[in-house]
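Below: one structure, written as structure tokens.
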Amino acid sequence: MIARQRWTFATLLILLAALAGFGQLTAAMAEGDSRQQARKLMDDGNFKEALEQLRKLTLEPPDDNSREIAEDFRRALTCFQQLNWVHEIDEYREAVAGRHEVDWIVLGAVAQSYVTVEHQGFMIAGQFHRGQHRGGGKVVHATARDRVRALQLFNQALEVLQEHEDAQKTSEAAELVSHFAQAVMSGGNHQQPWRLQLLTELNHLPDFEEGWGYHGGETVGAPVDEDGDPIFYDQPDSWKEAENDGERWRWLLALRTEWQPDLQWKEQRERADFLLSQFGVQTLAEYNWWFARQTDDADTTKSLFVLHTLGDDETIAKLASGIKRFKLPEDHNYISLYRKVAEGREGDWKSAKAMLAQEYENRRQYPRAAELWKELAEADDSQAHYRERAQQITGNWGRLEPVMTQPAGKGATIDYRFRNGKRVAFTAQAIKLPQLLADLKEYLKSNPRQLNWDQLNIESLGYRLVTEGQDKYLAEQSAKWELELDPRDNHFDRRLTVTTPLQKAGAYLVTAKMEGGNTHRVVVWIADTAIVKKPLEKKALYYVADAVTGKPLPKCNVEFFGYWQESLNKEGTPQQTPVYRINTKNFAELTDAAGMVQLPADEANRRFQWLAIARTPEGRLAYLGFTGVWTGEYHNAQYRQVKVFTITDRPVYRPAQEVNFKFWVATAQYDQQAETSPFANQSFLVEIHNPRNEKVHSTQLTADAYGGIAGKWTLPEGATLGQYRLTVVNHGGGTFRVEEYKKPEYEVTIDAPDKPVKLGDKITAKITAKYYFGEPVTEARVKYKVLRTTHDEPWFPPGPWDWLYGRGYWWFAEDYTWYPGWERWGAPRPVARWIWRQPEQPEVVAEQEVDIGEDGTVEVVFDTSAAKQFYPDEDHSYQIQAE
Numbered sequence: 005m006i007a008r009q010r011w012t013f014a015t016l017l018i019l020l021a022a023l024a025g026f027g028q029l030t031a032a033m034a035e036g037d038s039r040q041q042a043r044k045l046m047d048d049g050n051f052k053e054a055l056e057q058l059r060k061l062t063l064e065p066p067d068d069n070s071r072e073i074a075e076d077f078r079r080a081l082t083c084f085q086q087l088n089w090v091h092e093i094d095e096y097r098e099a100v101a102g103r104h105e106v107d108w109i110v111l112g113a114v115a116q117s118y119v120t121v122e123h124q125g126f127m128i129a130g131q132f133h134r135g136q137h138r139g140g141g142k143v144v145h146a147t148a149r150d151r152v153r154a155l156q157l158f159n160q161a162l163e164v165l166q167e168h169e170d171a172q173k174t175s176e177a178a179e180l181v182s183h184f185a186q187a188v189m190s191g192g193n194h195q196q197p198w199r200l201q202l203l204t205e206l207n208h209l210p211d212f213e214e215g216w217g218y219h220g221g222e223t224v225g226a227p228v229d230e231d232g233d234p235i236f237y238d239q240p241d242s243w244k245e246a247e248n249d250g251e252r253w254r255w256l257l258a259l260r261t262e263w264q265p266d267l268q269w270k271e272q273r274e275r276a277d278f279l280l281s282q283f284g285v286q287t288l289a290e291y292n293w294w295f296a297r298q299t300d301d302a303d304t305t306k307s308l309f310v311l312h313t314l315g316d317d318e319t320i321a322k323l324a325s326g327i328k329r330f331k332l333p334e335d336h337n338y339i340s341l342y343r344k345v346a347e348g349r350e351g352d353w354k355s356a357k358a359m360l361a362q363e364y365e366n367r368r369q370y371p372r373a374a375e376l377w378k379e380l381a382e383a384d385d386s387q388a389h390y391r392e393r394a395q396q397i398t399g400n401w402g403r404l405e406p407v408m409t410q411p412a413g414k415g416a417t418i419d420y421r422f423r424n425g426k427r428v429a430f431t432a433q434a435i436k437l438p439q440l441l442a443d444l445k446e447y448l449k450s451n452p453r454q455l456n457w458d459q460l461n462i463e464s465l466g467y468r469l470v471t472e473g474q475d476k477y478l479a480e481q482s483a484k485w486e487l488e489l490d491p492r493d494n495h496f497d498r499r500l501t502v503t504t505p506l507q508k509a510g511a512y513l514v515t516a517k518m519e520g521g522n523t524h525r526v527v528v529w530i531a532d533t534a535i536v537k538k539p540l541e542k543k544a545l546y547y548v549a550d551a552v553t554g555k556p557l558p559k560c561n562v563e564f565f566g567y568w569q570e571s572l573n574k575e576g577t578p579q580q581t582p583v584y585r586i587n588t589k590n591f592a593e594l595t596d597a598a599g600m601v602q603l604p605a606d607e608a609n610r611r612f613q614w615l616a617i618a619r620t621p622e623g624r625l626a627y628l629g630f631t632g633v634w635t636g637e638y639h640n641a642q643y644r645q646v647k648v649f650t651i652t653d654r655p656v657y658r659p660a661q662e663v664n665f666k667f668w669v670a671t672a673q674y675d676q677q678a679e680t681s682p683f684a685n686q687s688f689l690v691e692i693h694n695p696r697n698e699k700v701h702s703t704q705l706t707a708d709a710y711g712g713i714a715g716k717w718t719l720p721e722g723a724t725l726g727q728y729r730l731t732v733v734n735h736g737g738g739t740f741r742v743e744e745y746k747k748p749e750y751e752v753t754i755d756a757p758d759k760p761v762k763l764g765d766k767i768t769a770k771i772t773a774k775y776y777f778g779e780p781v782t783e784a785r786v787k788y789k790v791l792r793t794t795h796d797e798p799w800f801p802p803g804p805w806d807w808l809y810g811r812g813y814w815w816f817a818e819d820y821t822w823y824p825g826w827e828r829w830g831a832p833r834p835v836a837r838w839i840w841r842q843p844e845q846p847e848v849v850a851e852q853e854v855d856i857g858e859d860g861t862v863e864v865v866f867d868t869s870a871a872k873q874f875y876p877d878e879d880h881s882y883q884i885q886a887e
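Counting the sequence shown from 1 gives a position; my numbering is that position plus 4.
Structural data, given as structure tokens:
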């Protein structure tokens with residue numbers, strides 16, 4: 005009996021154990037079914053239901069499958085975004101991070117979400133609302149805040165991972181470190197590389213910032229040290245010993261290689277890409293026009309900026325302080341790093357070799373580039389573009405440069421750029437321009453259902469002849485000639501000016517066929533007649549003149565052909581195919597004795613696009629492609645605009661002082677009577693705003709007989725310092741400043757040449773510091789900086805109201821950019837003052853900190869030869885700053 009009881013008890017234990025195992029298996033199966041069900045719901049677009057299950061799988065996980073939980077988390081984020089519940093993401097992911105605080109895989113997924121999820125939002129009732137929001141709120145962004153939070157979580161995950169040696173060999177570990185490094189780098193992106201010098205503080209989160217967080221602008225050059233040398237980031241021994249984010253980035257890449265040595269090529273490639281972005285010669289791309297005109301003369305060959313003379317251990321780059329040629333330390337040599345990846349033949353080695361070939365092309369070291377392209381083509385026959393890149397360098401090639409319209413009877417010239425070839429053959433075929441214009445008019449009269457814009461654009465004739473084969477507009481060959489070529493060595497381009505035998509007015513398709521190479525074509529326009537158009541009040545003026553002398557052509561027949569596209573769809577009819585009718589209008593006028601003819605800019609004509617064709621009895625022909633006509637009445641709005649001229653009795657005040665101000669209110673009209681004003685005896689509201697844009701004064705003032713308004717206001721004690729705005733409400737005004745004043749103990753002056761210096765010469769200036777009692781300052785450090793910008797002093801003929809509205813206020817001349825040669829000698833209109841323009845970034849020519857001399861002076865010498873090389877046809881302004 006006892007034995008039977010023991011057997012029964014043992015059997016019961018076994019049964020319980022089996023049931024427990026079955027329960028675990030059942031739970032796992034249930035969990036697996038739940039995960040698959042959530043993913044199916046998501047794939048089917050049922051994001052709300054899917055999110056409910058994904059929340060449970062991430063916040064109440066029935067297992068410890070980190071990879072699956074991380075995937076569940078990423079899917080949950082997608083559901084939030086699809087449901088437009090972005091504002092709930094922050095609370096959710098912080099809950100996930102808290103639930104899995106020792107799971108490095110899940111922590112890494114949460115950290116990466118702070119990099120990828122949108123950073124913009126609104127501040128509502130003191131709370132950040134991520135994502136879009138209807139109903140107002142202050143626009144803010146969390147770009148810097150999210151980055152720091154990502155770094156905190158990545159660092160937390162890395163600390164956990166460092167305790168699990170076996171996990172460090174996994175692909176997830178490599179991915180974690182890679183994402184961590186990218187997050188560090190995102191603070192010093194290629195547009196703001198100076199940020200890598202900072203050490204991001206991880207103990208607290210930055211505050212939210214106003215605006216959308218979009219940072220545009222030009223790329224800033226790599227940062228430099230006090231001596232003007234580029235800054236490189238060395239590898240520290242540990243994360244804690246890093247002195248800046250650049251060194252943190254280096255340490256993370258090295259850590260990944262330490263854990264997984266087979267990924268060393270990846271570290272080399274990432275470092276090479278970053279160093280190339282900072283110090284590659286492509287940073288000089290904005291100076292491409294200068295390099296393009298380099299020749300093989302002696303002066304250019306000796307230049308410091310000749311790219312093909314660079315060794316593999318040096319470069320020329322645009323740094324934050326300007327262009328500089330310098331040596332690359334071996335550990336920071338991107339060419340060496342690319343070569344190591346290419347020679348190791350691991351990972352994406354072909355791409356690294358292609359980057360190396362591209363760099364040699366950029367350096368104009370074409371034989372080396374061609375060799376690398378050929379090696380890549382041999383290694384991979386499927387990539388035909390490698391062979392094409394090599395052929396582009398070594399093959400015979402030529403191109404006709406774009407050419408402007410040229411005067412008849414002068415022997416038209418064209419520029420031909422070529423390499424490697426020894427002979428080129430040219431042919432010229434006249435274009436049947438009258439037939440082209442006639443066909444164009446017939447095409448529009450045929451009322452096509454849909455307009456072909458290429459056919460309407462006569463200026464694209466060359467493109468149509470070359471690509472669309474419209475040979476019917478080509479006459480028989482007009483000229484044929486050949487030319488012997490003398491190519492430059494090492495596959496360099498050479499450009500020469502070719503004088504053609506073309507003298508007669510017309511359009512010609514010129515073809516250049518390189519012997520053993522390519523064929524290139526361009527349309528050359530030769531004109532004996534020109535049409536100029538100018539908008540006037542209620543009409544458009546057309547002026548027909550001799551293209552060579554500029555003399556008017558009287559009694560010239562000017563044919564106007566216009567069209568406009570009328571919609572026949574009834575308003576309010578949805579989802580219907582657009583139906584149009586082409587209306588045309590055709591008439592002609594003779595030019596007067598001054599070569600002019602007018603086209604009324606009335607309502608009927610303004611709807612048309614007009615083609616103007618000028619013909620003379622002698623056979624001259626000229627045209628002006630489709631343009632609209634409009635009235636010049638918009639000028640009146642400018643003339644009649646109310647302006648305010650403001651003066652104060654001083655530009656700067658101290659708190660508690662009295663501000664005396666006066667306004668003159670007037671309009672910009674020439675016909676205004678000198679002794680009267682339409683604003684006489686009118687009442688105006690005058691307001692003053694402080695630097696915080698707070699209204700600090702408001703008063704109603706009456707203008708005198710000349711539109712003048714005078715008033716005064718006393719600044720309060722403790723007034724906010726800065727710039728104050730003084731306005732006549734709804735009209736305009738001016739500004740003044742409020743500053744505290746402390747009498748200086750000494751004065752710093754700079755003696756520089758008082759006459760213009762010849763470009764290319766050295767400039768000597770003297771910095772002098774003297775106490776006001778006359779003695780020199782002898783114990784001081786002088787930090788000086790020399791900045792260069794291009795100098796342009798626009799000149800405007802004087803106008804009668806310049807004193808009130810500024811120089812050039814009357815300038816409404818048209819910019820005739822279409823006229824041949826206008827870009828060289830034309831005078832463009834001044835840009836309106838209210839249109840913002842990107843200011844020119846000064847180039848730092850010299851920067852140094854030195855001890856002042858015993859006589860209280862420091863001599864500064866700097867060279868302008870670099871500016872002469874890059875900008876020989878411009879004036880320059882050098883500014884010397886001394887502290």
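Just so it is clear, CB atoms sit at the ideal spot from N, CA and C, and this is done for glycine as well.
Secondary structure of residue i, DSSP reduced to three states
i      : result
ASP879 : strand
LYS543 : strand
GLU853 : strand
ALA626 : strand
PRO234 : strand
ALA32  : Only weak support is given to the placement of ALA32: the predicted model assigns it a pLDDT of 42, under 50, and the question is left unresolved by the model.
ASN88  : coil
HIS137 : coil
THR631 : strand
LYS735 : Note on identity: in this sequence residue 735 is His, with Lys being the wrong assignment. Three-state DSSP puts HIS735 in coil, outside helix and strand.
LYS716 : strand
MET518 : strand
LYS46  : Strictly speaking, residue 46 in this sequence is Met, with Lys absent from that position. The answer is helix: DSSP assigns MET46 an H, G or I state.
LYS872 : helix
ASN366 : helix
HIS123 : coil
HIS693 : strand
Residues of its chain near residue i, where Cβ-Cβ distance is below 6 Å and the 5 sequence neighbours each way are ignored
i      : result
GLU563 : ALA592, ILE617
ARG644 : THR671
CYS560 : VAL548, THR595, ALA618, THR620
GLN883 : LEU791
ALA412 : ALA509, ILE530, ASP532
PRO505 : ALA483
Backbone CA spacing between residue i and residue j [nearest angstrom]
i      : j      : result
ASP317 : SER281 : 16 Å
LEU206 : ARG391 : 50 Å
GLN369 : HIS312 : 5 Å
VAL310 : GLN569 : 55 Å
Endpoints, alpha helix (DSSP H) assigned at residue i
i      : result
TRP108 : 108 to 120
ALA723 : Note, ALA723: premise wrong, no alpha helix (DSSP H); not H, not E.
Element boundaries [beta strand (DSSP E), containing residue i]
i      : result
PRO604 : 600 to 604
TYR750 : 750 to 755
Neighbourhood of residue i by C-beta distance below 7 Å, restricted to the same chain and skipping five residues each side
i      : result
GLU844 : THR793, THR794
VAL663 : THR652, TYR657, LYS716, TRP717, LEU719, PHE740
ALA358 : LEU380
Cβ-based neighbour list, residue i, same chain, cut-off 8 Å, excluding 5 preceding and 5 following
i      : result
VAL502 : THR417, ILE418, ASP419, TYR420, PHE430, LEU487
Notebook entry, point to check: Can at least three beta-carbon pairs, one atom from the region 163 to 176 and one from the region 223 to 238, be found at a separation below 8 Å?
Noted result: Judged by Cβ distances under 8 Å, the region 163 to 176 makes no contact with the region 223 to 238, as fewer than three pairs qualify.
Margin query: For the region 69 to 81 against the region 93 to 112, do three or more pairs of beta-carbon atoms, one drawn from each stretch, fall closer than 8 Å, so that the two count as touching?
Written below: Inter-segment contact for the region 69 to 81 and the region 93 to 112 is present: three or more beta-carbon pairs are separated by less than 8 Å.
Note to self: Whether or not the region 382 to 401 and the region 449 to 458 are in contact is what I'm after, with contact meaning three or more pairs of Cβ atoms, one per stretch, closer than 8 Å; do they touch?
What the structure shows: no
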